[in-house]
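Protein chains: 2
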Amino acid sequence: MPRPRLFPRETIIPAAMRQFWRRGYHATSMEDLILATGASRAAIYEEIGGKRALHLACFPAYQAAIVSPALRGMDAPGAGLEAIAFYFETQISLAEAEGLPGPGCLVANAATETAPHDLAVATCVEAHNSCLQHAFERALGNACPSLGRAERTDLAAFVTLTAQGLWSMSRGVESAKPLRTHGHILINLLRARLSK
Amino acid sequence: MPRPRLFPRETIIPAAMRQFWRRGYHATSMEDLILATGASRAAIYEEIGGKRALHLACFPAYQAAIVSPALRGMDAPGAGLEAIAFYFETQISLAEAEGLPGPGCLVANAATETAPHDLAVATCVEAHNSCLQHAFERALGNACPSLGRAERTDLAAFVTLTAQGLWSMSRGVESAKPLRTHGHILINLLRARLSK
DNA sequence: GCCATAACAGAACAAACATTCTTTAACAAC
DNA sequence: GTTGTTAAAGAATGTTTGTTCTGTTATGGC
Numbered sequence: 006m007p008r009p010r011l012f013p014r015e016t017i018i019p020a021a022m023r024q025f026w027r028r029g030y031h032a033t034s035m036e037d038l039i040l041a042t043g044a045s046r047a048a049i050y051e052e053i054g055g056k057r058a059l060h061l062a063c064f065p066a067y068q069a070a071i072v073s074p075a076l077r078g079m080d081a082p083g084a085g086l087e088a089i090a091f092y093f094e095t096q097i098s099l100a101e102a103e104g105l106p107g108p109g110c111l112v113a114n115a116a117t118e119t120a121p122h123d124l125a126v127a128t129c130v131e132a133h134n135s136c137l138q139h140a141f142e143r144a145l146g147n148a149c150p151s152l153g154r155a156e157r158t159d160l161a162a163f164v165t166l167t168a169q170g171l172w173s174m175s176r177g178v179e180s181a182k183p184l185r186t187h188g189h190i191l192i193n194l195l196r197a198r199l200s201k
Numbered sequence: 006m007p008r009p010r011l012f013p014r015e016t017i018i019p020a021a022m023r024q025f026w027r028r029g030y031h032a033t034s035m036e037d038l039i040l041a042t043g044a045s046r047a048a049i050y051e052e053i054g055g056k057r058a059l060h061l062a063c064f065p066a067y068q069a070a071i072v073s074p075a076l077r078g079m080d081a082p083g084a085g086l087e088a089i090a091f092y093f094e095t096q097i098s099l100a101e102a103e104g105l106p107g108p109g110c111l112v113a114n115a116a117t118e119t120a121p122h123d124l125a126v127a128t129c130v131e132a133h134n135s136c137l138q139h140a141f142e143r144a145l146g147n148a149c150p151s152l153g154r155a156e157r158t159d160l161a162a163f164v165t166l167t168a169q170g171l172w173s174m175s176r177g178v179e180s181a182k183p184l185r186t187h188g189h190i191l192i193n194l195l196r197a198r199l200s201k
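Protein chains in written order, with my numbering: chain L, 6 to 201; chain E, 6 to 201.
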């Protein structure tokens, strides 16, 4: 009868995700991951596989734990520009509560570091950006039903890009004020555009 | 009489910059740098110092070779929104000519990878962002002299953020089209804002 | 309590790594 | 051609690294 696992994926992956999120992939050693997760190297290898497998396992975990809750406000019927503004304010407040500089966005970080050289990571980044973009697209559509579909898609991609830029910036600022300023500017620019 | 150097800084640094720009710091080994520069490890250590010193030397080189020329269009008297548009279009065309996906922006990449954990890198990032922001600020001021100083500063910071997001995106796209689309959207949003 | 089985701890391994060191080479003055 | 000097090549060094391996432990059925 086998011994029940002390370190199931549900324990290892969240801890590893926080480590990769803050330090990135190449600057994180297996030793760092062992310390962060509390599991031994054999436990990690047995349950997940190697370092790269563990890194790749963090993306769905990030989607479930961070991204989906973040976008929930945009699921409501009729959610519009206020929902986008709420998304930004909520995420900025969470970052502020957690302490700035923060880790930014796991996916945005990976987009810069590993995605250009790892197709599996690039696929995760692509899926994540699509997910964000679709959420913003729905909200923009609600906010301005007369907006052309092509322009709505482009604006949504732009909002996604700006969000990613914001989270990257949050890795280097000690105050939430510039983050909020940028969030407000984006919303104001969108509002001006949609009210034409 | 000492032997003249075969590998002066002016030879080593540009080649190393391209390597760090594409692969980042931690994913680049000294062996990679030796191959990229053509210099031996002793030549690199003698002329520059170690890996970190070489990385840090790349930022001023990047400013001189890439950033200053990019911003030159905004130095002209009265340069306004068209100069900002020109900046984006020129940089996108260069990236396209070089082949996409591209390396993005060395500083934006470093902002994500090494700046959060290396004060010297963070200082370089901060200086770079200030430089961009001041250029955009001047252009926005020219475009709309009645714009409040605080709002001008905030919009300029927003343009800087969006530019960084764009270069990060360019690391993962194979076509310049979405880059151009984003550039156009930004300019249009700014134009709409400034014409109020 | 014994057993078979899988989980876990951490040592071992081979390779990769940044940096230092030793030897060789290039140079101009003489 | 010799000399003194520094530059360069690449081997050597000690450390770090990701992964594998061996021994120990925990487990439930019997």
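Backbone N, C-alpha and C define an ideal beta-carbon position, used for all residues, glycine too.
Check                                                                                                                               : Outcome
is_contact[residue 79(E), chain L] using C-beta, thresh 8 Å                                                                         : no
Boundaries of the alpha helix (DSSP H) in which residue 57(L) is found, first to last residue                                       : 56 to 67
Sub-8 Å separation of residue 19(L) and residue 66(L) beta-carbons                                                                  : yes
Limits of the unbroken alpha helix (DSSP H) element including residue 127(E)                                                        : 124 to 148
Contact the region 120 to 138 of chain E vs the region 56 to 76 of chain E: 3+ CB pairs below 8 Å                                   : yes
Other residues of its chain near residue 100(E): CB distance less than 6 Å, five sequence neighbours each side excluded             : 107 and 175
For residue 46(L), the nearest candidate out of 93(L), 21(L) and 152(L) (CA to CA)                                                  : 21(L)
Residues in the region 160 to 190 of chain L having any Cβ partner in chain E nearer than 7 Å                                       : 160, 162, 163, 166, 167, 169, 170, 171, 173, 174, 176, 177, 183, 186, 187 and 190
Helix, strand or coil at residue 163(L) [DSSP, three-state]                                                                         : helix
Nearest to residue 43(E) (by Cα), restricted to the options 12(E), 146(E) and 52(E)                                                 : 12(E)
Buried versus exposed, by CB contacts within 10 Å (16 or more), residue 79(E)                                                       : buried
Buried or exposed by the 16-neighbour rule on C-beta atoms within 10 Å, applied to residue 103(E)                                   : exposed
Min CB distance residue 100(E) to chain L below 8 Å                                                                                 : no
Anticipated Cβ contact below 8 Å, residue 90(E) with residue 192(E), distance rounded                                               : 5 Å
Selection from 152(L), 145(L), 162(L) and 156(L) that minimises the alpha carbon distance to residue 132(L)                         : 162(L)
Chain-order list of residues whose beta-carbon lies under 7 Å from that of residue 29(L) (same chain, five-residue window excluded) : 114 and 118
Chain L contact for residue 84(E) (CB, 8 Å cutoff)                                                                                  : no
Segment contact, 8 Å Cβ cut-off, at least three pairs: the region 49 to 56 of chain L with the region 23 to 40 of chain L           : yes
Neighbour list for residue 114(E) in chain L, Cβ cutoff strictly below 7 Å                                                          : 117
Other residues of its chain near residue 130(E): CB distance less than 7 Å, five sequence neighbours each side excluded             : 112, 115, 116 and 120
Coil, strand or helix - residue 244(L) by DSSP                                                                                      : Only positions 6 to 201 of chain L appear in the structure, and residue 244(L) is not among them; the question remains open.
Nearest candidate by alpha-carbon position, reference residue 184(L), set 96(L), 143(L), 198(L) and 140(L)                          : 96(L)
Residue 93(L) versus residue 146(L) - alpha carbon distance                                                                         : 18 Å
Classification of residue 180(L) by the beta-carbon crowding that lies within 10 angstroms, buried from 16 upward                   : exposed
Other residues of its chain near residue 75(E): CB distance less than 8 Å, five sequence neighbours each side excluded              : 92, 95 and 96
Chain-ordered residues of the region 22 to 46 of chain E with a beta carbon less than 7 Å from chain L                              : 29, 31 and 32
Residue of 142(L), 136(L), 166(L) and 154(L) minimising C-alpha distance to residue 69(L)                                           : 136(L)
Simplified DSSP state of residue 80(E), which is helix, strand or coil                                                              : coil
Under 7 Å from the C-beta of residue 127(L): neighbouring residues of chain E                                                       : 177
Burial state of residue 142(E) (16 or more Cβ within 10 Å)                                                                          : buried
For residue 10(L) and residue 110(E), the rounded distance between their alpha carbons                                              : 45 Å
DSSP-derived helix/strand/coil call for residue 30(L)                                                                               : coil
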